[in-house]
Amino acid sequence: MESVDRRAPVPDGVLARALAAFPEASLVTDADQAIVFANQAFLTMTGYELDELLGRNCRLLQGPDTDQDVVDAVRDALAAGRPWQGHLLNHRKDGTPFWNALAVTPLHDEHGRISHFCSEQRDVTEDVETQRRTKDLLGQVTEQRETARMLLGLSEAVGRRSGTEEIAHTIAAAIPRICEADRSAIALWYLEERRLTIVGHSGWPTSLAGQVSEFETSPEDAPELAEILESGVPVLVDHRSSEWARRVLDAFAIRAFIATPFYLGQSFAGLVLAHWVGPQAPDSVDTVLEERMSGLAGLTAVAFDNARLLEEARWRASHDPLTELPNRERLEIVLEEALRATRDHGQGVGVLYCDVDRFKRTNDDLGHRNGDAVLVEVGRRLSRAVRDTDTVARAGGDEFVVVLPAIHGSDEAEAVAARIRGAMTDPAVVGDQLVPVRLSVGVAVSDGSADDVHEEADRLLRAADLAMYREKSAAPGLDTPPLADDLREALAAGTIDVAYQPQVDLATGSVVSVEALARWQHPSRGPLPPAVFIPVAEAAGLVHTVGMQVLDRACSVLAELRTSRPDFELAVNVAPSQLHEPTFVPDVASTVARYGVPPGAITLEITESTPLGNLSNVSATLLELRQRGFRIAMDDFGTGFASLTQLHDLPITDLKIDRTFVQDGPRGEVLVGAISDMARALGARVVAEGIESEQDLRMVRARGCDRAQGYFLGRATSADALHEGI
912 MESVDRRAPV PDGVLARALA AFPEASLVTD ADQAIVFANQ AFLTMTGYEL
962 DELLGRNCRL LQGPDTDQDV VDAVRDALAA GRPWQGHLLN HRKDGTPFWN
1012 ALAVTPLHDE HGRISHFCSE QRDVTEDVET QRRTKDLLGQ VTEQRETARM
1062 LLGLSEAVGR RSGTEEIAHT IAAAIPRICE ADRSAIALWY LEERRLTIVG
1112 HSGWPTSLAG QVSEFETSPE DAPELAEILE SGVPVLVDHR SSEWARRVLD
1162 AFAIRAFIAT PFYLGQSFAG LVLAHWVGPQ APDSVDTVLE ERMSGLAGLT
1212 AVAFDNARLL EEARWRASHD PLTELPNRER LEIVLEEALR ATRDHGQGVG
1262 VLYCDVDRFK RTNDDLGHRN GDAVLVEVGR RLSRAVRDTD TVARAGGDEF
1312 VVVLPAIHGS DEAEAVAARI RGAMTDPAVV GDQLVPVRLS VGVAVSDGSA
1362 DDVHEEADRL LRAADLAMYR EKSAAPGLDT PPLADDLREA LAAGTIDVAY
1412 QPQVDLATGS VVSVEALARW QHPSRGPLPP AVFIPVAEAA GLVHTVGMQV
1462 LDRACSVLAE LRTSRPDFEL AVNVAPSQLH EPTFVPDVAS TVARYGVPPG
1512 AITLEITEST PLGNLSNVSA TLLELRQRGF RIAMDDFGTG FASLTQLHDL
1562 PITDLKIDRT FVQDGPRGEV LVGAISDMAR ALGARVVAEG IESEQDLRMV
1612 RARGCDRAQG YFLGRATSAD ALHEGI
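Take any residue in the sequence shown, count from 1 to its spot, add 911: that is its number in the numbering used here.
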């Protein structure tokens, strides 16, 4: 076999073709720097044709902006036979400059003399410009360091303020120091009245301070104000300005002022004002003043927006989103404050616990939206029926509580209760339907002698709740105690049924889980929903038995489903009282194990709108369940008792957003997004309830929910129908 000499030289033609095809721009000159070769990449970079270059000196790429010191350095290196590399500003054929990363290497002949120069070149204009911009920005940062330091200090001070006037006065006090001004003010824009009003000022003498506080103007009165609104930047106002400006300057004994607008969102919100009295007043807005006034305006906007958001957050945290009444948490605060205020004055506090009778049937007959409309109307009527000093709160679901401070006995509380019942006489108008409304009202009164207001508040609420239940039980046509006996018989016979509502994975659109819902076909009353018989079970001590029967039947169905869908899951509701049952954890664990279902496939849902009792005991129970692998969901989230601390302390894996948020329009959409963000921060999965339309589905998907359920995705169905559907 003939061997191949791998040391054979590469033919010149191959080298030439390789250099011509090289992706980087390449240029070869002779010893006198006359161009003898240029590849296609070089021609593309410079815009020349090859015949325009051959024989010419490469200086043709230089221009008036080319740095001659760099050119001299290249020439000296090449004359000494040394390679050179660096950046050189060259010019294309059309005259446009470009930065050239140049690497030139001398080539020697067989006698050691320089015969040619070979260069590799690259257009690095974008890199050089980026470096220049970065350098400029760093220079600006250095120049702005003092401005930033002062604004940062002010920002920290403002961060400790929450009220509008507090914020305005804090910023106004800092303006003279930051802008080297004599006086200052902050003005807010009131859109409806179209007026600008001073809300904070600093540096004004006593003789003018009152006049400044009362100053108001509008764009119609002040031409400069219209100009400032249009410009969006700091504007200088002095005696060269309008007649209105001269009158203002004279009235307030100032030589000039700079006004800078600030905005909330896209809307004009007010002005930051710096005033000068003496000859040091500026005659223009220089860069430093513009930066500092603009920085102050931005800081002011953020501070006022944060104050607004904080106020809204406080309101939302203490109010029910549907009725806009105080929620359960706020109710307890109001009740304790009332007890504390009347304790030393020989007065009492009354509590009225109100429940809307037959509301579940109203919801089932009319739909959730119309049911919500009934609750809103009940809240309005309650608010109109009570005294100005009373507080109406929504305790959750269809329950409302009225706190009556400073009363002198139960007769006074009963009189208010009578007015409330009278306010419900007329049916509620919901769309084109008339809906009868009746309340059961329980009354409890404190004599004001209790030392522990927290315990007394809890006692009053429980007493009023019990009184309400007694009234409901005694009312004709409403649920009566014998229903508990019927429930015992149903449990003994195993006739409590289970319906299953699908939960859909929003990422895939697949049904991945079902929620088990207890159903009872009463022998004489027909089908009774959980809202009717679960409270009866609670009162009769049967709720744990109900819960375990539902779990047992649901696990049987789940085990069958998982033969074809091994990842399928189940959610089961847990009553708060079950969490206090000593056998609850082992009962749940043994039931699930009996059917071979892994605990991770089971989500136990606790309802936020129901008080959990001793939180430490509940937390221990839930933690043990979580350690065994069960998922824990907070159901109806946003409507009840859970605080951020409790969410942190409880081993919650899932948050179920209550349907009232899903159905609450733009405001509800914002809250759904906020809850989803919070859940992700806690590592929790988010399930949206009450999906009744394609629009609802799109909204909860866009707002970051993981799963969803509701009539639009599937109604609660029997086990047989579920098998067919899955």
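Just so you know, even glycine gets a beta-carbon here, dropped at the ideal spot from N, CA and C.
Asked                                                                                                          : Found
The stretch 1006-1014 contacting the stretch 1034-1043, beta-carbon criterion three pairs below 8 Å            : yes
Cβ separation of L1160 and A1098, assumed to be a contact under 8 Å, to the nearest whole Å                    : Between A1098 and L1160 the Cβ distance is about 16 Å, and since that is not below 8 Å, they are no contact.
Sequence ranges, beta strand (DSSP E) only - wholly within the stretch 939-978, length at least 3              : 946-949
Collapsed DSSP secondary structure at L1469 in the structure displayed                                         : helix
Cα-Cα separation, L1624 to D1216                                                                               : 39 Å
Touch test, the stretch 1125-1134 against the stretch 1198-1207, Cβ-Cβ under 8 Å, three pairs minimum          : no
V1289 and V1356 closer than 8 Å at C-beta                                                                      : no
Within 8 Å, strictly: CB atoms of A1317 and G1353                                                              : no
D1005 versus V1409, G974, D987, S1195, residue with shortest Cα-Cα distance                                    : G974
Local conformation of P1441 per DSSP, three classes                                                            : helix
8 Å Cβ cutoff met for G1502 and L1462                                                                          : The question names Gly, yet the displayed sequence has Thr at residue 1502. In this structure, L1462 lies closer than 8 Å to T1502 by Cβ.
Residues sharing a beta bridge with C1029, DSSP                                                                : V939, T1016
beta-carbon I1169 near the ligand FMN non-hydrogen atom, thresh 7 Å                                            : Ligands in the displayed structure: none, and consequently the ligand FMN is not present.
Under the three-state DSSP convention, the category S1152 falls into                                           : coil
Entirely enclosed beta strand (DSSP E) segments - the stretch 1112-1200, minimum 3 residues                    : 1146-1149, 1167-1175, 1178-1187
Nearest neighbour of D1397, chosen from R1436, L1608, A1429, T1419 [CA to CA]                                  : R1436
Reference A1382; option with closest CA among F1548, A1339, D1266, L1293                                       : A small fix is needed here, since residue 1382 is Glu in this sequence, not Ala. Per the Cα distances, D1266.
Own chain partners of F1270 with C-beta closer than 6 Å, once the 5 adjacent residues on each side are dropped : D1309
Segment contact, 8 Å Cβ cut-off, at least three pairs: the stretch 1160-1176 with the stretch 1072-1088        : no
I1331 classed as buried or exposed, judged by whether at least 16 other C-beta atoms fall within 10 angstroms  : buried
Top-ranked residue by Cα proximity to V1581, from A990, D1093, V1123, P1232                                    : P1232
CA nearest to the CA of D941, picked from F1028, V1245, P1510, L1242                                           : F1028
Y1638 in three-state terms, based on DSSP                                                                      : Nothing about residue 1638 can be reported from this structure: the residues present for the chain run from 912 to 1637 only.
Check whether D1565 and A1595 have beta carbons under 8 Å apart                                                : yes
Burial state of T1494 (16 or more Cβ within 10 Å)                                                              : exposed
Endpoints, beta strand (DSSP E) assigned at I1331                                                              : Not the beta strand (DSSP E): I1331 falls in the alpha helix (DSSP H), residues 1321-1334.
A952 to V982 span [Cα, whole Å]                                                                                : 23 Å
Beta-carbon proximity list for V1447, same chain, < 7 Å, skipping 5 on both sides                              : D1390, L1394, A1395, L1398
Local Cβ density within 10 Å of Q1606, reported as buried at 16 or more and exposed below that                 : exposed
Enclosing beta strand (DSSP E) for H998 [first to last residue]                                                : 995-1002
C-beta atoms of D1560 and I1517 nearer than 8 Å                                                                : no
Segment contact flag, the stretch 1272-1285 with the stretch 1221-1228, C-beta cutoff 8 Å, min 3 pairs         : no
Candidates Y1622, M1589, R1591, G1615, of which the one nearest E1600 by Cα                                    : Y1622
Range of the contiguous alpha helix (DSSP H) that encloses T1571                                               : 1570-1573
Local conformation of G1307 per DSSP, three classes                                                            : strand
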